[in-house]
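Trainee:
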Amino acid sequence: MRIAIVGLGLIGGSLALKLTEKGYPVWGISRNPATCKQALERGAVQGCGTELALLARFDPQMVLICTPLEQVLATLAALLPYLSAETVVSDVGSVKQPIVAPATELWPWFVGGHPMAGKSLQGIQAAEADLFRGRPYVLTPIAETQPQALDAMKELVVAIGAEAVLTDPARHDRAVAWISHLPVMVSASLIAAVSQEEDPAILELARTLASSGFRDTSRVGGGIPQLGLEMARHNRQALLTALSSYQAQLRQIERLIDGEKWDELLRVLQRTQQEWQQFPVNHPREILHNLGGGNGQ
213 MRIAIVGLGL IGGSLALKLT EKGYPVWGIS RNPATCKQAL ERGAVQGCGT
263 ELALLARFDP QMVLICTPLE QVLATLAALL PYLSAETVVS DVGSVKQPIV
313 APATELWPWF VGGHPMAGKS LQGIQAAEAD LFRGRPYVLT PIAETQPQAL
363 DAMKELVVAI GAEAVLTDPA RHDRAVAWIS HLPVMVSASL IAAVSQEEDP
413 AILELARTLA SSGFRDTSRV GGGIPQLGLE MARHNRQALL TALSSYQAQL
463 RQIERLIDGE KWDELLRVLQ RTQQEWQQFP VNHPREILHN LGGGNGQ
C-alpha cells in the first residue's frame, strides 16, 4: 500500500518513520523544503516535495492529512484532483465532528482518525517511530464511510503498533474534552495562577522547588498554544461542559477546606484515588476496540 503523508510534523513524521520501517512506500508533502530535507535524511520517506501535484506521480493508495485541524478540509479539497477513485484519506485531528461529515461528503473514502499520542516537542526533529506503540488510535466512521476504507485504516493502525478504537465523532469529542482538552486548559490555568504570585522571591522559590507533581500537572499547559486554541474553538461546547463540571468540583473542595471539614475532604480524595485506578494509562489493559456508536466491525 503506497502511503502519502501531508504534513511532516511530530505526528506525520512519526507515522512516516514507522510506516517506512514496516516496509510501506511513503512519500511526504510539506510546505517547508527544510522539513522535506530532514525527512529524507532520516529515511522517513522515499520522496518529498512541497506541492500536492507530486502525488499524481506517486499515485498513493492512502493519504494521511497531518496538518493543523483548521487546514484539514481545505487540504482535502486541494487533494481531490490527485486522488484515484478508491484512495483512502484520513486525518489525525483531535476534534472529529467538524471534520468527518463534511470530509466524507467531499470524499466518500474518508475515515476520521485521531492517534492518542504526542509529545511536548513538535516538528520532524521530534518524530519517533514508536510514538504510537500500545496507544489508542481512534477511528470515527459514520454511516457513509466506505467499509474498505475503514479496513485499510485498521491495517495501518496495526502496522504502527497502536490499538484501534472505533466510536462516532460526537462520542469522541465528548470523551477527549475530558481527558485531553480540559487538562490543557486546567494546566494552563495552573501556570497562570502560579505566575500571579506577587512576591518575586516566593515565585522564584516556587520555581526552584517545583518537582514531579508540578511537572506532571503543568506539562500540557506549556505545550503548543495553537493546538490549545484549536481544541477550544472546534470542541467548544463539550469543553465548556467539562470546564463547568471541573469548576464545580473545585468549589466543593474549596468549601470543604474553608469549613475545615477534613473527614469529608478525605472521603473525596479516597474516591478520586479509586477512580484514578480505572484509567488504563495507570494500569495498562486491553483497549476495547469498539466503544459504541461507531460504524463497522
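Per the numbering used here, residue 213 is the first one in the sequence shown, and the count goes up by one each step. We treat Cβ as the ideally placed atom computed from N, Cα and C, and that holds for glycine. Quick caveat, the model's predicted, so the values are computed rather than measured.
1) Within the segment 342-381, note down every full alpha helix (DSSP H) run reaching 4 residues or more, in order along the chain.
2) Nearest CA to the CA of Ser-283: which residue from Val-304, Pro-381, Lys-473?
3) With DSSP as the reference, label Gly-508 as helix, strand or coil.
4) Which complete alpha helix (DSSP H) runs does the segment 444-489 hold, if anything under 4 residues is left out?
5) Identify, in the order they occur along the chain, each residue of the same chain with its Cβ nearer than 6 Å to the Cβ of Ala-268, setting aside the five sequence neighbours on each side.
6) Applying the criterion that 16 or more other CB atoms from any shown protein chain within 10 Å of the CB defines a buried residue, is Leu-481 buried or exposed?
7) Any idea which residues DSSP pairs Trp-239 with across the strands?
8) Whose CA, out of Ile-223, Gln-408, Leu-266, Arg-463, lies closest to the CA of Glu-340?
9) Could you give the DSSP three-state label for Ile-277: helix, strand or coil?
10) May I ask which residues mark the beginning and end of the beta strand (DSSP E) holding Ser-302?
11) Using C-beta distances below 6 Å, list every residue in its chain close to Gly-219, excluding the 5 sequence neighbours before and after it, in chain order.
12) Report yes or no: do three or more beta-carbon pairs, one from the segment 317-334 and one from the segment 350-370, lie closer than 8 Å?
13) Looking only at its own chain, which residues have a Cβ that is under 6 Å from the Cβ of Gln-250, when we skip the five neighbours before and after it?
14) May I ask you to verify whether the segment 373-390 touches the segment 405-419, counting CB pairs closer than 8 Å and requiring at least 3?
15) In three-state terms, what does DSSP make of His-501?
16) Which value, in whole angstroms, describes the spacing of the CA atoms of Glu-375 and Thr-429?
17) Measuring straight from C-alpha to C-alpha, what distance separates Ser-401 and His-393?
18) Closest by CA to His-446, which one among Ile-311, Thr-287, Glu-410, Lys-234?
19) Return the chain-ordered ranges of every beta strand (DSSP E) run that is complete within the segment 301-336 and spans a minimum of 3 residues.
20) For Thr-316, I'd like the list of residues in its chain whose CB is within less than 7 Å of its CB, leaving aside the five on either flank, ordered along the chain.
21) When the Cα atoms are used, what is the spatial distance from Leu-462 to Leu-264?
22) Whose C-beta lies closer than 7 Å to the C-beta of Glu-498 among residues of the same chain, with five residues either side of it excluded?
Mentor: Inspection of the coordinates gives the following:
1) As far as the segment 342-381 is concerned, its whole alpha helix (DSSP H) runs of at least 4 residues are 359-371.
2) The identity of residue 283 in the sequence shown is Gln, whereas the question assumes Ser. Residue Val-304 is the option with its Cα nearest to Gln-283.
3) With a pLDDT of 41 at Gly-508, under the threshold of 50, the modelled position of this residue cannot be trusted, and the question is left open.
4) Entirely contained in the segment 444-489, the alpha helix (DSSP H) runs reaching 4 residues are, in chain order, 448-470, 474-488.
5) Excluding sequence neighbours, Ala-268 sits near Tyr-294.
6) For Leu-481, the number of other beta carbons within 10 angstroms of its own is below 16, and it is reported as exposed.
7) Per DSSP, Ala-216, Gly-259.
8) By alpha-carbon distance to Glu-340, the top candidate from Ile-223, Gln-408, Leu-266, Arg-463 is Ile-223.
9) Strand, per DSSP.
10) Counting along the chain, the beta strand (DSSP E) containing Ser-302 begins and ends at 300-303.
11) Excluding sequence neighbours, Gly-219 sits near Cys-278, Thr-279.
12) Contact holds: three or more Cβ-Cβ distances are below 8 Å.
13) Ile-336, listed in sequence order.
14) The segment 373-390 makes no contact with the segment 405-419, as fewer than three CB pairs between them are under 8 Å.
15) Confidence at His-501 is low in this model, with a pLDDT of 49, below 50, so its placement is unreliable and no value can be given for it.
16) Glu-375 and Thr-429: Cα-Cα distance of roughly 26 Å.
17) Distance between the alpha carbons of Ser-401 and His-393 is about 13 Å.
18) For the residues Ile-311, Thr-287, Glu-410, Lys-234, the minimum Cα distance to His-446 belongs to Ile-311.
19) Correct list: 325-327.
20) Excluding sequence neighbours, Thr-316 sits near Phe-322, Ile-354, Glu-356, Thr-357.
21) Rounded to the nearest angstrom, the two C-alpha atoms are 49 Å apart.
22) Interpretation of Glu-498 is limited by its pLDDT of 45, a score under 50 that renders its predicted location unreliable; the figure taken from the coordinates is listed afterwards. Result list for Glu-498: empty, nothing under 7 Å.
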